[in-house]
Amino acid sequence: MVNVVVRETRPYPDQRPGTSGLRKKVPVFQQENYLENFVQSIFDSLEGYQGKLLVVGGDGRYYNREAIQIILRMAAANGFGRVLVGRGGLLSTPAVSCVIRKHAAFGGIILSASHNPAGPEGDFGIKYNIGNGGPAPEKITEAIYARSQVIDRYRTLDCGDIDLDSPGERALGDMRVEVIDPVADYAELMEQLFDFDLIRTLIDAGAFEMRFDAMHAVTGPYAVEILENRLGVSPSSLMHARPKEDFGGGHPDPNLVYARELVDIMYSANAPDFGAASDGDGDRNMILGRRCFITPSDSLAVLAANAHLTPGYRRGLAGIARSMPTSQAADRVADRLGIELYETPTGWKFFGNLLDAGKVTLCGEESFGTGSDHVREKDGLWAVLFWLNLLAVRKESVQTIINAHWRSYGRNYYSRHDYEGVDADGAGQLMDSLRRHGGDLAGRRFGDHEVAFSDDFAYRDPVDGSLSEHQGLRIGFTDGSRIVFRLSGTGTSGATLRVYLERYEADPQKQGLDAQDALADLIRIADEVARIRHYTGREAPSVIT
Ligand code: G16
4 MVNVVVRETR
14 PYPDQRPGTS
24 GLRKKVPVFQ
34 QENYLENFVQ
44 SIFDSLEGYQ
54 GKLLVVGGDG
64 RYYNREAIQI
74 ILRMAAANGF
84 GRVLVGRGGL
94 LSTPAVSCVI
104 RKHAAFGGII
114 LSASHNPAGP
124 EGDFGIKYNI
134 GNGGPAPEKI
144 TEAIYARSQV
154 IDRYRTLDCG
164 DIDLDSPGER
174 ALGDMRVEVI
184 DPVADYAELM
194 EQLFDFDLIR
204 TLIDAGAFEM
214 RFDAMHAVTG
224 PYAVEILENR
234 LGVSPSSLMH
244 ARPKEDFGGG
254 HPDPNLVYAR
264 ELVDIMYSAN
274 APDFGAASDG
284 DGDRNMILGR
294 RCFITPSDSL
304 AVLAANAHLT
314 PGYRRGLAGI
324 ARSMPTSQAA
334 DRVADRLGIE
344 LYETPTGWKF
354 FGNLLDAGKV
364 TLCGEESFGT
374 GSDHVREKDG
384 LWAVLFWLNL
394 LAVRKESVQT
404 IINAHWRSYG
414 RNYYSRHDYE
424 GVDADGAGQL
434 MDSLRRHGGD
444 LAGRRFGDHE
454 VAFSDDFAYR
464 DPVDGSLSEH
474 QGLRIGFTDG
484 SRIVFRLSGT
494 GTSGATLRVY
504 LERYEADPQK
514 QGLDAQDALA
524 DLIRIADEVA
534 RIRHYTGREA
544 PSVIT
């Protein structure tokens, strides 16, 4: 007989979820009752879950296993009927979404700090996903936070750990825990969306070479099963495919800076035809061709323009959604397809309502996130398979495909400059000052650029009418160029200032520039308007993507 125990606790002031759940340093989570408080606050903010199914999994980072044991005991003590948990505690973020949907679960808990480094001094995170498989909307995350501020007790079981490593079902108090293969449901869904036979033909032909970098994170087992076992990619094409608790000491963020090893291979003399990487929890992707990088914004546009070539999207797209700072490349595709384009704040949670309402099929963000209505999270390997399917159909190189796209639609030169870990007060003052002066920039000239509008982006959800304000300061120019300033909602130390830069070029003769050169004027204007050096004390961004 396992006893339910009620333990007393005291609130922590810092449990407000950010862009994507609660992310903190591991030692913060290891404080007494810190995780327990947040988990109980999640359960206290939900209704009607008694006897229902919960999905639990994480990206395998340090503290994943301990956290899962705590959550399982608490789920049992709070009355869930059954839990599906990935073997070894592993489930990628899109796989959690897939499993929630396929098994009609009440919801799910994901343990991850995404692309942030891991280890005893690294980052950890937790977020709750609702029954549609997507991140809880702000109404729920705010309720969780409110609850965490007054919490005084939590429920758990008085028992030890359960085995997470062998598949099968076991009892935990009155609750059943089933340890599932983390890949199976997800791989089955991918086979429905993409033409695996055709991709296998491309790979078997022998002339096509690729690299996939799992960055020692959760997509390793997914890549082995899907790319290697089902599609015939050679094992040597998979880099860092063994998940590690500290991601091998790396920073599992698939971008030009942190996926350096892959980038160097893709820019070398004998570069493979296709390169891709995914992040800590498997929801982000980076796409590369031979000596060419596809920006996430361009990737969304290319996938949208070519979606009809894949089995899963042959019927066409209902609409496209992108986060506000994402480039307007996808807008041009939507326009030509005669479908709606929605511009949402940063955060995948804002796509959920649009997807559920059938208003959009594809969505994407500049932050290396792309996805569709197949799940309610962005999906790294899905994007890789989508590209492989296009390459197999079009039988052209990545470079040829992107050049043809630009010739047809024009090129949206795009870059994001990040100032990571800057002083939070200085970053706040920068944003306040922009807010005070930014509104009256219309009509002002900076060199050749004239400001058409400037505002603080606000979004009214067309489905539930909710309003989200202060989502980033935009300066739009008369030629369609844009500069956007935002503070990241996912960092764990100091503040991270993000500056997003975009310029449109219709002339094919002028589409071959390096993005930083093409955006040089806007980079100067951004510094002048926001006084970035003054407020951050930094001479240059820490990451340019
Ligand atoms: C999360 C969100 C994304 C967002 C990204 C960056 O991604 O799910 O929607 O674009 O953070 O957010 P921010 O600019 O506020 O740091 P992930 O992959 O970290 O879960």
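Just remember that the numbering used here sits 3 ahead of the position in the sequence shown, which is counted from 1.
We put the CB at the ideal spot given by N, CA and C, even for glycine.
In this text, all values refer to a predicted model and were calculated from it rather than measured experimentally.
In the DSSP annotation of this structure, Ser48 is not part of any beta strand (DSSP E), being labelled neither H nor E.
Straight-line spacing of the CA atoms in Val546 and Phe353 works out to 26 Å. Just measuring C-alpha positions, the residue of Phe250, His243, Met327, Leu358 sitting nearest Gly122 is Phe250. If you look at Val266, you'll find it in the alpha helix (DSSP H) that goes 263-269. Between Gly475 and Arg489, the alpha-carbon positions lie close to 5 Å from each other. A straight line joining the alpha-carbon of Leu388 with that of His440 spans about 45 Å. When the Cα atoms are used, His219 and Thr12 turn out to be separated by approximately 36 Å.
9 Å or more divides the Cβ of Arg419 from the Cβ of Tyr507. About 7 Å separates the beta carbon of Leu167 from that of Arg90, a gap short enough to meet the 8 Å contact definition.
By the criterion of at least three beta-carbon pairs nearer than 8 Å, the segment 170-184 is not in contact with the segment 193-203. Counted as a single uninterrupted DSSP element, the alpha helix (DSSP H) harbouring Ala333 occupies residues 332-340. Taking all protein chains shown into account, Met327 has 16 or more neighbouring C-beta atoms within 10 Å of its C-beta and is therefore buried. By the Cβ rule, the segment 475-485 counts as touching the segment 446-462, because three or more pairs are nearer than 8 Å. The beta carbon of Ala262 sits closer than 8 Å to the beta carbons of Asp216, Met218, Asp256, Ala280, Met289 from its chain, once the five residues preceding and following it are set aside; these are given in chain order. The C-beta separation of Arg64 from Phe109 comes to about 25 Å, leaving the pair out of contact by the 8 Å criterion. The continuous stretches of beta strand (DSSP E) do not include Val401, which lies in the alpha helix (DSSP H) extending over residues 401-412.
Listed as beta-bridge partners of Cys101 by DSSP are no residues whatsoever. Ranking Arg536, Tyr412, Ala529, Leu516 by CA distance to the CA of Ala509 puts Tyr412 first. Judged by beta-carbon spacing, Pro224 lies beyond the 9 Å limit of Leu391, meaning their Cβ atoms are not closer than that value.
Per DSSP, Leu234 lies in no beta strand (DSSP E) and is assigned neither H nor E. Straight-line spacing of the CA atoms in His377 and Gly355 works out to 12 Å.
Within the model, the alpha-carbon separation for Ile165 versus Asp428 is close to 45 Å. Distances taken from the Cβ of Gly21 to the heavy atoms of the ligand G16 include one shorter than 8 Å. Looking at the backbone, the Cα of Asn40 and that of Ile154 are separated by about 7 Å. In the displayed model, Glu35 falls within coil according to three-state DSSP, outside both helix and strand. Its chain contains Leu57, Val58, Val59, Gly60, Val99, Ser100, Val102, Ile103, Tyr131, Asn132, Gly136 as the residues whose beta carbon lies nearer than 8 Å to that of Gly111, once the 5 sequence neighbours on both sides are disregarded; these appear in chain order.
Only exposed fits Thr403, as fewer than 16 other CB atoms lie within 10 angstroms of its CB. Looking at Gly319, Ser370, Gly341, the one whose alpha-carbon comes closest to that of Thr364 is Gly319.
Judged by pairs of C-beta atoms under 8 Å, the segment 295-308 does not touch the segment 226-242, as fewer than three such pairs exist. Per DSSP, Ser240 is not a residue of any alpha helix (DSSP H), being assigned neither H nor E.
For Asp520, the uninterrupted alpha helix (DSSP H) segment begins and ends at 518-521.
Distance check between Val502 and each of Asp334, Leu230, Ser302, Asp421 places Asp421 closest, using alpha-carbon atoms only. The straight-line gap separating the alpha-carbon atoms of Gln72 and Ile147 is approximately 21 Å.
Rounded to the nearest angstrom, the gap between the Cα atoms of Lys513 and Ser115 is 42 Å. Residue environment for Asp62: buried (at least 16 other C-beta atoms within 10 angstroms of its C-beta).
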